[in-house]
Amino acid sequence: MPGPAHRPLAARRLRVALLPAVLLAGLLAAPPSPVRPVPAAAAPAAVARHVVVLSFDGLRPDALRAVWGPLAGQSAAAWSARTTLPSVTLPAHASMLTGVGPEGHGVRVNAWEDGPRLDRPTVFSEVLRHGGRAHAIVAKRKLLYLVPEAVPQEHLLYPRARQAQVVAHASRVLRERRPAFLFVHAADPDDVGHRDGWMSPAYLQVVAQVPGLVARVLDDLRRAGLWPATLLIVTADHGGHGRGHGAGRPEDVLIPWIALGGPARAGTTLTDPIVTYDTAATVLDALGLPVPFMWTGRPVRQAYAVAVR
C-alpha cells in the first residue's frame, strides 16, 4: 500500500485523467452558441445608373462572334460563357435573373401558365427593395413567371413583334422611363433554330441582324445622354444544335456575354469564367447594390471600365 508521500501524486494523476471528461460534460451542458447570419456583401460604388440585359433566345456565341467585328472595339466580350442545365429557356433565364442555379431557384420545367410568380429574390425584387425602378419586355409569356407583378412588364408576342421591334421598343422605354434595370428578351434565334436548324442559313441571317440592333441602341443612348451611365449586357439563355437544345454539349451550353456602354471596358476579351447566374450579380453590383449572400453568381468586374472596391 502506498505511503502518505505518494497520495498527492496519485490524486494529481486522477484529476488530470478526469479533466477531459469534465470539460466535455461542460460543453454538452452549455447552451449552443447562436448562429450568426452571414451578412450580404457590402454595396460597391455604382458604375452605372441604368443596366440593360438584352437576352437573345438561343443565340450561339460562335455565330454572333463571326459578325460582331464592328462592335468589338466598343465591348468587353466573353465567347465561352456558360448557361445552366437544363439548357432551356425558362430555367436558364431563372438562373440569369436569380443569381443561382436550378438547385437554388427550383425552376426545371420550361413552361408556365398564369398563376403565382417565382417566390425567390431576383434582380427585379432587389432593385425594387432598394428603391429603384425596373421594367421587363419579353417575347415569350412564360418568362413573366420570373417578373414580380409590381414591375411594369410587357409581352410583345412573337412573331408579331420580331427582334428589331422588340429592341427598338426597349430603347424607347429606356429613354422615356429610365428604369434602373431593364430586362429585354427576343425570341428570333430560338424560333428559327427550331424551325430551320441552328447554324442554318436562316439562323445565321437572324444572328447577323444582332450587331446592328445593338449599335442602334448605343446610338440612341448617346443621343439621349444616357450612354456614359448605362451598362448594356448582351447575352443568351442557351445555344442549340440541329433543331433542338437542352443537353450539356458545348453547342447548347455555351453563350455570349458582352458588356457595352460607357461603364464597359471597351475592346476587351473577358478571360474570367462566366456563368449565366453571374449576370444577376453584375446588374446589382454595377448599380451599387449589395449582392445577396446566398447567390452563387459573382459580379463580372473585369468588364467594368473603372475599378470598384
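To convert a position in the sequence shown, counted from 1, into this note's numbering, add 239.
Here a beta-carbon is modelled for each residue, glycine too, at the ideal position from N, C-alpha and C.
> What are the partner residues of H394, as DSSP defines its beta bridges?
Replying inline: V377
> Taking the Cβ atom as the reference point for each residue, do V405 and V423 lie within a distance shorter than 8 Å?
Replying inline: yes
> Does DSSP put F422 in a helix, in a strand, or in coil?
Replying inline: strand
> Does DSSP put P495 in a helix, a strand or coil?
Replying inline: strand
> Apart from the five residues on each side of it in sequence, which residues of its chain come closer than 8 Å, Cβ to Cβ, to A419?
Replying inline: R288, H289, V290, V366, G371, R372, A373 and L526
> What are the start and end residues of the alpha helix (DSSP H) that includes F532?
Replying inline: That residue, F532, is in no alpha helix (DSSP H); it is neither H nor E in DSSP.
> So who's on the other strand from L204, going by DSSP bridges?
Replying inline: Because the chain in this structure spans residues 240 to 548, residue 204 falls outside the shown range and cannot be described.
> Ordered along the chain, which non-local residues of its own chain (more than five positions away) have a Cβ less than 8 Å from that of A544?
Replying inline: V286, G501, P502, A503, R504 and A505
> So what's A316 in DSSP terms, helix, strand or just coil?
Replying inline: strand
> When you compare each of L460, G312, P531 and R537 to T518 by their alpha carbons, which one comes out closest?
Replying inline: R537
>> Please report the straight-line C-alpha distance between R321 and L493, rounded to a whole angstrom.
In response: 5 Å
> My guess is that L452 and A403 are in contact by the Cβ rule of under 8 Å, so how many angstroms apart are they, rounded?
Replying inline: 6 Å
> In whole angstroms, what separates the C-alpha of L465 from that of V412?
Replying inline: 12 Å
> Considering only residues of the same chain and omitting the five flanking positions on each side of V522, which have a CB-CB separation below 7 Å?
Replying inline: V290, V292, V362 and F420
>> Please classify T551 as buried or exposed, where buried requires at least 16 other C-beta atoms within 10 Å of its C-beta.
In response: In this structure the chain extends from 240 to 548, so residue 551 is not present and cannot be described.
> Roughly how many whole angstroms lie between the Cα atoms of L324 and L395?
Replying inline: 27 Å
> Sorted by chain position, which residues of the same chain lie with C-beta nearer than 8 Å to G481's C-beta, five sequence neighbours on each side aside?
Replying inline: G436 and W437
> Is G483 helix, strand or coil by DSSP?
Replying inline: strand
> So L298 and P467 are in contact, right, with Cβ under 8 Å, and what is the actual spacing, rounded?
Replying inline: Actually they do not touch by this definition, with Cβ atoms about 27 Å apart.
>> According to DSSP, R321 sits in a beta bridge with which residue or residues?
In response: L493 and V514
> Tell me which same chain residues have a C-beta within less than 7 Å of the C-beta of V547, skipping the five on either side of it?
Replying inline: P283, A284, V286 and R540
> Roughly how many angstroms separate the alpha carbons of A268 and T469, rounded to a whole number?
Replying inline: Unreliable placement is indicated for A268, whose pLDDT of 38 sits below 50; no coordinate value is reported for it.
>> I'd like the list of long-range same chain contacts for A520, defined as Cβ closer than 7 Å, with 5 residues on each side in sequence excluded.
In response: G338, V530, W534, G536, R537 and P538
>> Just to check my reading of the structure: A302 and V390 have Cβ atoms closer than 8 Å, yes? What is that Cβ distance to the nearest angstrom?
In response: Not a contact, Cβ separation roughly 31 Å.
> Taking the alpha-carbon positions, what's the R488 to D476 distance?
Replying inline: 14 Å
>> Short of 6 Å in beta carbon distance, which residues of its chain neighbour S314, apart from the five on each side in sequence? Order them along the chain.
In response: I497 and L499
>> Using the Cβ count rule (16 or more neighbours within 10 Å means buried), how would you classify T474?
In response: buried
> How about S326 and P300: are their beta carbons less than 8 Å apart?
Replying inline: no
> With 16 other CB atoms within 10 Å as the buried threshold, where does T328 fall?
Replying inline: buried
> For Q392 versus A407, is the C-beta spacing smaller than 8 Å?
Replying inline: no
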